[in-house]
Structures are given as C-alpha cells and as structure tokens.
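Take a look at the structure set out below.
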Amino acid sequence: FLVTNHGIIMIFLFLMPILIGGFGNYLIPLIGGLSDLNLPRLNALSAWLLVPSIVFLVVSMGLGAGIGWTFYPPLSSSLFSSSNGVDFLMFSLHLAGASSIFSSINFICTLYSVFMTNIFSRTSIVLWSYLFTSILLLVTLPVLAAAITMLLFDRNFSSAFFDPLGGGDPVLFQHMFWFFGHPEVYVLILPGFGIISHICLSISMSPDAFGFYGLLFAMFSIVCLGSSVWGHHMFTVGLDVKTAVFFSSVTMIIGVPTGIKVFTWLYMLLNSHVNKSDPVVWWIVSFIVLFTFGGVTGIVLSACVLDNVLHDTWFVVAHFHYVMSLGSYISIIIMFIWWWPLITGLSLNKCLLQCQCIISNIGFNLCFFPMHYFGLCGLPRRVCVYECAYNWVNIVATVGSFISAFSGCFFVFILWESIVNRNEVLGSYGSSGYFIDFLMSPVACHNDYFCYPYTIDYTYGVYYMRWVDDCTYVPACGFLV
Numbered sequence: 002f003l004v005t006n007h008g009i010i011m012i013f014l015f016l017m018p019i020l021i022g023g024f025g026n027y028l029i030p031l032i033g034g035l036s037d038l039n040l041p042r043l044n045a046l047s048a049w050l051l052v053p054s055i056v057f058l059v060v061s062m063g064l065g066a067g068i069g070w071t072f073y074p075p076l077s078s079s080l081f082s083s084s085n086g087v088d089f090l091m092f093s094l095h096l097a098g099a100s101s102i103f104s105s106i107n108f109i110c111t112l113y114s115v116f117m118t119n120i121f122s123r124t125s126i127v128l129w130s131y132l133f134t135s136i137l138l139l140v141t142l143p144v145l146a147a148a149i150t151m152l153l154f155d156r157n158f159s160s161a162f163f164d165p166l167g168g169g170d171p172v173l174f175q176h177m178f179w180f181f182g183h184p185e186v187y188v189l190i191l192p193g194f195g196i197i198s199h200i201c202l203s204i205s206m207s208p209d210a211f212g213f214y215g216l217l218f219a220m221f222s223i224v225c226l227g228s229s230v231w232g233h234h235m236f237t238v239g240l241d242v243k244t245a246v247f248f249s250s251v252t253m254i255i256g257v258p259t260g261i262k263v264f265t266w267l268y269m270l271l272n273s274h275v276n277k278s279d280p281v282v283w284w285i286v287s288f289i290v291l292f293t294f295g296g297v298t299g300i301v302l303s304a305c306v307l308d309n310v311l312h313d314t315w316f317v318v319a320h321f322h323y324v325m326s327l328g329s330y331i332s333i334i335i336m337f338i339w340w341w342p343l344i345t346g347l348s349l350n351k352c353l354l355q356c357q358c359i360i361s362n363i364g365f366n367l368c369f370f371p372m373h374y375f376g377l378c379g380l381p382r383r384v385c386v387y388e389c390a391y392n393w394v395n396i397v398a399t400v401g402s403f404i405s406a407f408s409g410c411f412f413v414f415i416l417w418e419s420i421v422n423r424n425e426v427l428g429s430y431g432s433s434g435y436f437i438d439f440l441m442s443p444v445a446c447h448n449d450y451f452c453y454p455y456t457i458d459y460t461y462g463v464y465y466m467r468w469v470d471d472c473t474y475v476p477a478c479g480f481l482v
C-alpha cells in the first residue's frame, strides 16, 4: 500500500506537475518571448484534470490498492486484488495521463512556433529539453493508457488480455508498462538536464555555451536510446539470449551521451569565474555527483548477468533513487532558487540555502547509500522483514530518510521566510545576472509586456533579442534568465 501510493504520488502528482506543468508553463513563454502558450484552454483543461485524478487517488487509498506502482498482473487482477480501490487508482492514472498528453500537445505547438520564428539562431537548451520531454510523453503515454484499459477490462468484463487461463500473457503487460515506464525516467530528468545546462552557462559568464550542439544531440540520443531499452527491466521474465544482449548493450550505450553532458557541465563550471559560495553552484555540483554515482550503478545493472542477481533487491531501489528521484528533486530545488526572484521579486536567504544543501546531501546519502549494501547481500525490496544483523544499517537509512524529509520542510520554510521578510531583489542575485534588469520583477502572469514577439539568439552568453518587426538586434542588459 505504501509502495503503491509513494511511487504514484511522487511521479504523477509531484515531479511531473512541478517540473513539466509548473515550470514548463512559466519558462517556455518567458524564454520563448511569448505572452502565453499557444493553447491556453487546453492548458487549463490539463491543469483541472489533475483535481479529479487526486480525488480518485485519495478514494483508492481509502478502499485499499496495494498492487505496487507497477500494477503487475496477476497481483492486480480481480482474483488477487478484488478491492474497488484498484479501479479508482487506474482511473486516477488515466486522468493524470490525459492531463500530461494535453500539456505535451500544447508545449509542442508552442515550441514549434518559437523555433519557426527563431530558425536562424540557436534557442535556449531549456526549450529543447521541454520539446524532447513532450515528444516522449506523447509517444509513450497512450501505450500506458492502453495497458491500464486492458487491465480494467480483465478485472471488470471477464476479458483475458493478461490472464494465462484465457490465453493471455502477463509479460505483455510488463512490455507495455515499461515501454512507458523507462522513458518516464527521462521525462522526469530531461527538464533537469536543460536547466543545469542553462544555469551553468549563466553563472559561468561564458561568451558561448560550450558544446551547445553536443548537449543538444546528447539529449536527442538519450531520447532515442531511452525509448528502446525498456526490456532491461525484464531480464528475469525469460527473454531469449539475443533479446537480453540487445537491451543490455543499448542500455550501456546510453552512458555515452550522458557522459558528454556531465563533462560539458564540468567544463563550463571549472573554466569560468564562478562564485563558489552561490547556493545554486552547490546544488549543481550535488546534482552532478549524485547523478553520476547513480549512473555508475546503472551500468552495473545494465549487465543482464548481474541484473539476474540484483533484480528486485534494494540495490535497484538505491540506483533509481540516485538517478531519477534525487536528480528530479534537485532540479526542482535549483529551479526555485534560480527563478524565485523572477517569479516573486524576492530573494532567498543565502546562508539558509547553504545549510539546507548540506543537510540534504547528508540525508540523501545516509538514506540511499546503505541500500546498495542491502542489495548486494540479497535483501529483496518491498519486504519489511530482514535479519537482525542488518538492523544497524537499517537504522542509518531510516535516520537519513528523516533528515531528507526535514531538509524538504526546511526548503519550504526558506521560501516562506523570503515572503514574510519581503527581501526584495535589487538588480541581480548572487553571481547571476537576471532578466529583471530588463523586465519588471516579478514578471506579471499573462501580461501584455511582450506586445511584439521577440526571439532569443543563444549564440552568446549574454543573449541578444531579435525583434520580429524590424529584425534588429538589441542587447539585453543582464539578460541571463
């Protein structure tokens, strides 16, 4: 029950609404030079669909839906899970998925119009990251919707899509689920990639984005490869040798474009005059270190021989929390730190942010690092019973989880403190030039300030604005969004 709701809430109702729905809606018009997205009514529909989705999820919690966040049959079939809470849970996912599809269509249409007016100059890497994210969602979410619909028919209308007694195959559900499930990892991390690349350029004050096209094609490679490796979640279901070798090999290859991105970020940070006391720099370094460590454990799991030993152990839990969960969570924190002054016109307490970064990193590593040891010792995940010899390690991980939870609450307190104390921004924040030198701060929502569309030339570190009317370039003072 806890595993089911933790996974679904964190992915569908926390990370995606904030990373994609929240900051995507704010940053795409801002960086793209638009007053709003192209399809505002569709945007409103995608937002309001989350409300009944949350209601259905709460109802499923009350009725009971302990099938895990992966919904594997036969556990999720009516024979083993007869509660109506499972049906409400699937309706909740349907609505959340529809919301994401509508939002993706809106983003793609908006970004298409931005790119068409800016085709002769390089646009922000943030916009490209949201384009790739939207394409992934648009391709994979209908497959998840089909799988859930088939499962609902099996439960309520006596069909046998996943029932072996009726000629069905439960492995088919795993293929359909992970065709969505693995690209979902990149859906959650690609906006973070774009944000890290964008901010590394801004805080380094570089005259140009080092390896812009390398970053761009690395993301494109990750999208293409990430959509074709879902089978590495299924090495233990009885795949034939050739199929297992294919999924294993392609999974390892994903490390190449990911390494390109990591080394590009490091180059931009190390070969520049960065204010090392800036909290956003601390968080970017934390992101790179934790994400790289999680990627190394991913290379271990990509080997099908090793995965047969480590599958469904705590090692897997540690891996995807380091890569996906911490990567996406840290991306959200970095977004708030970087754009909070632009959104509210208020600055955040630098000392509190530094303390929160240190506390968070201590909590993250205390919580998730011992799980590698659990997995290597063969302890299965989703099982709360363990040998007494592992008690002290479990206590360490538990303490780390409480520290991590405290750090999250501490960050909310920092945001609240900036609002209460009204620490207004004067010009710029930390080492970072801001858009507020050019615009009002905070930027009004749905304003008519951009009465004439403009495009941003990303060729230079200090961006240049090209107004569509007269095609003249106007340098934007401090235009480092």
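Heads up, our numbering is the position in the sequence shown plus 1, with the first residue counted as 1.
Note that beta-carbon positions come from the ideal geometry of N, C-alpha and C, so glycine has one too.
TODO: Indicate the three-state DSSP secondary structure (helix, strand or coil) for E425 in the structure shown.
DONE: strand
TODO: Using alpha carbons as the reference points, say which of I255, I331, P280 and Q175 lies closest to L16.
DONE: If we check each option's Cα against that of L16, I331 comes out closest.
- [ ] Please say whether M325 and V186 have beta carbons closer to each other than 9 Å?
- [x] yes
Task: Where the alpha helix (DSSP H) containing L1 begins and where it ends - done: Not covered by the structure: residue 1. The range shown for the chain is 2 to 482.
TODO: Measuring alpha carbon to alpha carbon, tell me which of I32, Y268 and V52 ends up nearest G98.
DONE: Here the closest residue by C-alpha is V52.
Task: Status (buried if at least 16 other CB within 10 Å, exposed otherwise) for V301 - done: Burial call: exposed.
Open item on the list: Suppose you measure from the CA of T314 to the CA of D155; what does that come to, to the nearest Å?
Closed with: 30 Å
- [ ] With a threshold of 16 other CB atoms inside 10 Å of the CB of S61, please say whether the residue is buried or exposed.
- [x] Burial check for S61: the Cβ neighbour count within 10 Å reaches 16 or more, so the residue is buried.
Open item on the list: Applying the 10 Å Cβ sphere with the 16-neighbour rule, what's the burial state of L3?
Closed with: exposed
TODO: Could you tell me how far apart the beta carbons of C305 and S249 are, in whole angstroms, since I believe they sit closer than 8 Å?
DONE: 5 Å
Open item on the list: If you reduce the DSSP assignment to three classes, tell me which class L40 lands in.
Closed with: coil
Open item on the list: Check whether the stretch 65-74 and the stretch 39-52 are in contact - that is, three or more C-beta pairs closer than 8 Å.
Closed with: no
Open item on the list: Is it buried or exposed, C358, if we count other Cβ atoms within 10 angstroms and call 16 or more buried?
Closed with: buried
Task: DSSP state of P1 mapped onto helix, strand, coil - done: Examination of residue 1 is not possible in this model, given that the chain is present from 2 through 482 alone.
Task: Buried or exposed by the 16-neighbour rule on C-beta atoms within 10 Å, applied to S159 - done: exposed
Open item on the list: Under 9 Å, Cβ to Cβ, is there at least one residue of chain B near N395?
Closed with: Among the chains in the structure shown there is no chain B, since it carries only a single protein chain.
- [ ] Counting only the same chain and skipping the five closest in sequence on each side, list residues whose C-beta sits under 6 Å from that of D308.
- [x] F236 and L302
TODO: Taking all protein chains shown into account, decide if W283 is buried (16 or more other Cβ within 10 angstroms of its Cβ) or exposed.
DONE: W283 should be labelled buried.
Task: For I68 and V87, believed in contact at Cβ under 8 Å, the rounded distance - done: Confirmed, Cβ separation roughly 6 Å.
TODO: Report the three-state DSSP secondary structure of T237 (helix, strand or coil).
DONE: coil
TODO: Please look up how many angstroms separate the CB atoms of M220 and W129, rounded, as I've assumed it's under 8 Å.
DONE: 7 Å
Open item on the list: Does L377 pass the burial test, meaning 16 or more other C-beta atoms within 10 Å, or should it be called exposed?
Closed with: exposed
Open item on the list: For V400, which residues in the same chain have their Cβ closer than 7 Å to its Cβ, ignoring the five residues on either side in sequence?
Closed with: Same-chain partners within the cutoff: L367.
TODO: Give the secondary structure of L377 by DSSP, where H, G and I count as helix, E and B as strand, and everything else as coil.
DONE: helix
Task: C-beta contact flag for L132 and F163 at 9 Å - done: no
- [ ] Mind reading off the beta-carbon distance from L327 to I415? Whole number of angstroms is fine, and I expect it under 8 Å.
- [x] In fact, because the Cβ distance is near 19 Å, the residues do not count as touching under 8 Å.
- [ ] Would you check if there are 3 or more beta carbon pairs closer than 8 Å linking the stretch 250-267 to the stretch 333-342?
- [x] Remark: fewer than three beta-carbon pairs, one from each stretch, lie closer than 8 Å, so the stretch 250-267 and the stretch 333-342 are not flagged as touching.
Task: Bounding residues of the alpha helix (DSSP H) (the contiguous stretch that carries I255) - done: First-last for I255: undefined, no H or E at that position.
Open item on the list: So, under 8 Å CB-CB, L267 and I289 are touching, yes? Tell me the CB distance rounded to an integer number of Å.
Closed with: 7 Å
Task: Integer-rounded CB distance, given that T244 should sit under 8 Å from F181 - done: Not really, about 19 Å apart at Cβ, beyond 8 Å.
TODO: Write down every uninterrupted run of the alpha helix (DSSP H) in the stretch 261-338 whose length is 4 residues or greater and which is fully enclosed by it, in chain order.
DONE: Entirely contained in the stretch 261-338, the alpha helix (DSSP H) runs reaching 4 residues are, in chain order, 280-303, 305-311 and 315-321.
Task: Proximity of T111 and S198 at Cβ, strictly below 9 Å - done: no
- [ ] Return the CA-CA distance between W417 and S135, expressed in angstroms with no decimal places.
- [x] 32 Å
- [ ] State buried or exposed for V188, treating a residue as buried only when at least 16 other CB atoms are found within 10 Å of its CB.
- [x] buried
Open item on the list: If you reduce the DSSP assignment to three classes, tell me which class L354 lands in.
Closed with: Three-state result, L354: helix.
TODO: Have a look at V238, I254 and S205 and flag the residue whose alpha-carbon is nearest the alpha-carbon of H274.
DONE: S205
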